[in-house]
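Here the structure is laid out as structure tokens; the discussion comes afterwards.
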Amino acid sequence: MIMKKSRRTVKLWLVTSLVVVFLLFQALLVVAIRTTEDERQGQEKTRQKTEEKNHKHEHEH
Amino acid sequence: MKGFLRIIIYVLIISLPLITVAIGNPAVGIGFVFELGKIFALLAFTILALQPVLSARIHWIEKPFGLDMVLLFHRNMAVFAAILLLAHPVLLSAGIGDYSLIYSTEVQAFVYIGRAVLLILLIQVILSAFRMTLRIEFEKWRALHNLFALTLVLGAFLHGWLANNDLQLLSMKIIWIALLLMALSFYLYHKVFVRFIKEKRFKIVAVEQESEKVNTLKMEPLDGSAVEHYLPGQFHFLTLHREKFPAEEHPFTISSGGTSDRFVCSTIKMSGDFTHTIPQTKPEQQVTIRGPYGRFSYLLYPKEKNIVFIAGGIGITPFISMLRHMDATSSDHSVLLLYANKTIRNIVFGEELSQMQKRKNIDLKVIYYLSHPEEDWQGESGHITGDKIKQHCAKDFHKRSFWLCGPAPMQKSLLKQISDLGISTKQIHAENFSL
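Chains as they are written, first to last, in my numbering: chain A, 161 to 221; chain B, 6 to 440.
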């Protein structure tokens, strides 16, 4: 049997669900920003190292 | 929507640590899963720090929703925080591919603190959700709940501080301390300031027996000042100060009509350990009142003029309060009161209701229902059902608003039956009295 909820109870669950979904979405967004930034910085470091190596190699020649 | 601003403020406060770490420390993670574990913990601590704010019974917060709904939201958010905290160590371990964090004994002190917090939170949630099933006395549960709540927030604060991860940021350190201070200050406001410093003492003027198991306490402010304004149908928290009994705080509906600022009444049925001591209350004994709270009042819905009140047993109290107010103000409402009891001896306010009908200050019709009637009973017998309500209302059934107050199974059943007869839930009012 589907339990009938009063209007106030329905509103409570609606607000709870919206708050929970919004907070979870925000958490995922923050993590995505941070990991993307990690990757970008990682790529930047790799690029710098490669450039340094190339520069050193050229100098030796 | 009423209370929208309050919800936005709540969400913004919880979002603050997340936004701060996203801006101030955008790239420190080991990977997506590990980061998610950390962010979940930030979120959970903020939710836990806001829990004392929700439960402090602040009028500005509860007014648009009703205290029952705020406390249910408080419960829902505790469950959400518990899920986030359970996921926290699992995600951290999964992120680094090493699960020793969960079971190893060779870990730093803050990990032990984190484990303790998690354990206490789980116990807290289980005890709160299954208090009735586990038959834990309300007072014992509340004492434990308060102790655990304080330990949880302090433990979670310490765990985050010592882990020193995102808290390396000065802005996060400030937010972390501010959240702790906010939690502690609301906790102290609720538990100490309001109870012992700002408390308003009343004295018992009379203890009137309404029926075999029902008594009314009439109370006046001790200092002779006016009673705080309340709406008929609201409830308050009473703490009786009696030598023989511990001073426990319990919620009771206000049964007086709110037309006099000299006194306030609560009508109480002997249904538990505490309420069985009510007849032993004596005049001149003191009582602390906190409130009023709740949105179960016809004054909050001025457009509803054709009303059906459906009371089960002691559920009559908010209705007698509203009827007294309507009678005293000669309101233009048309009220049908369906009042269910086991036997005729359980009916309270019967004489007063018939006087109200005779006075005709309001258009009032009262129909009694008895589930175990005596042989000579002339009125309705059995339980109130949706079909019977429809019969009594006749043509204007769909235009009326319906107010339910009684035992939870009765409320749930009637809510469904009335809705099934085509009444919108907008027209039905019910309050969660047993939280």
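Even glycine gets a Cβ: it sits at the ideal position worked out from N, Cα and C.
Own chain residues within Cβ distance below 6 Å of residue i, not counting five before or after
| i | result |
| --- | --- |
| B/PRO297 | TYR235, GLN239, HIS241 |
| B/CYS270 | THR221, LYS223, SER260, SER261 |
| B/GLN214 | ASN220 |
| B/ALA252 | THR244, HIS246 |
| B/GLY119 | HIS164 |
| B/PRO57 | ALA188, PHE191, TYR192 |
| B/TYR374 | ALA345, GLU385, ILE389 |
| B/TYR303 | MET327 |
| B/LEU48 | LEU89 |
Per-residue DSSP class, three states only, for residue i
| i | result |
| --- | --- |
| B/LYS249 | coil |
| B/PHE240 | strand |
| B/VAL443 | Lying before the first or after the last residue shown, residue 443 of chain B is absent from chain B, which here runs from 6 to 440. |
| A/VAL170 | helix |
| A/THR195 | helix |
| B/PRO297 | strand |
| B/ILE35 | coil |
| B/HIS255 | strand |
| B/GLU436 | coil |
| B/GLU40 | helix |
| B/VAL212 | strand |
| B/PHE207 | strand |
| A/VAL180 | helix |
| B/VAL292 | strand |
| B/THR286 | coil |
| B/HIS234 | coil |
| B/THR264 | coil |
| B/ASP171 | helix |
| B/TYR303 | helix |
Own chain partners of residue i with C-beta closer than 8 Å, once the 5 adjacent residues on each side are dropped
| i | result |
| --- | --- |
| B/SER424 | THR430, ILE433 |
| B/LEU106 | PRO94, LEU97, SER98, VAL112, VAL116 |
| B/ILE372 | LEU341, LEU342, LEU343, TYR344, GLY384, GLU385, HIS397 |
| B/GLN290 | LYS208, ILE209, LEU245, HIS246, ARG247 |
| B/ALA183 | none |
| B/MET82 | ILE52, LEU55, GLN56, LEU59 |
| B/PRO378 | THR348, ILE349, GLY384, SER386 |
Test item: CB-CB of residue i and residue j under 8 Å
| i | j | result |
| --- | --- | --- |
| B/VAL340 | B/LEU358 | no |
| B/GLY8 | B/PHE78 | no |
| B/ARG364 | B/GLU217 | no |
| B/ILE35 | B/ALA86 | no |
| B/PHE257 | B/VAL210 | no |
| B/LEU185 | B/ALA316 | no |
| B/PRO412 | B/GLY318 | yes |
| B/ALA435 | B/LEU420 | yes |
| B/VAL84 | B/VAL130 | yes |
| B/PRO237 | B/HIS330 | yes |
| A/VAL180 | B/ILE44 | no |
| B/GLU40 | A/THR195 | yes |
| A/PHE185 | B/VAL16 | no |
| B/THR282 | B/PHE324 | no |
| B/PHE407 | B/VAL313 | yes |
Start-to-end residues for the beta strand (DSSP E) that takes in residue i
| i | result |
| --- | --- |
| B/LEU375 | 368-375 |
| B/ILE315 | 311-317 |
| B/LEU222 | 219-226 |
| B/SER271 | 269-274 |
| B/LYS178 | Looking at the DSSP string, B/LYS178 is not in any beta strand (DSSP E); the run it does join, the alpha helix (DSSP H), is 175-193. |
Neighbourhood of residue i by C-beta, 7 Å cutoff - its chain only, sequence neighbours within 5 removed
| i | result |
| --- | --- |
| B/ILE180 | LEU21, PRO22, THR25 |
| B/LYS178 | LEU172 |
| B/ALA231 | ASP266 |
| B/GLU225 | PHE207, LYS208, VAL210, ARG267, PHE268 |
| B/GLU144 | GLU253 |
Endpoints, the alpha helix (DSSP H) within which residue i is located
| i | result |
| --- | --- |
| B/GLN14 | The displayed chain sequence assigns Ile, not Gln, to residue 14 of chain B. Unbroken alpha helix (DSSP H) run through B/ILE14: 9-29. |
| B/HIS64 | 64-67 |
Check: residue i C-beta below 7 Å from any heavy atom of the ligand PLP
| i | result |
| --- | --- |
| B/ASN220 | Although the ligand PLP was asked about, the structure shown includes no ligands whatsoever. |
Every unbroken alpha helix (DSSP H) inside the stretch 381-428 of chain B [4 residues or more]: 391-398, 413-425
Which parts of the stretch 320-357 of chain B are runs of the alpha helix (DSSP H), unbroken and 4 residues or longer, counting only runs that do not cross its ends? 322-333
Can you list the alpha helix (DSSP H) stretches of 4 or more residues lying completely in the stretch 99-169 of chain B, in chain order? 105-108, 114-134, 143-168
Whole runs of the alpha helix (DSSP H) within the stretch 72-103 of chain B, excluding any shorter than 4 residues: 72-101
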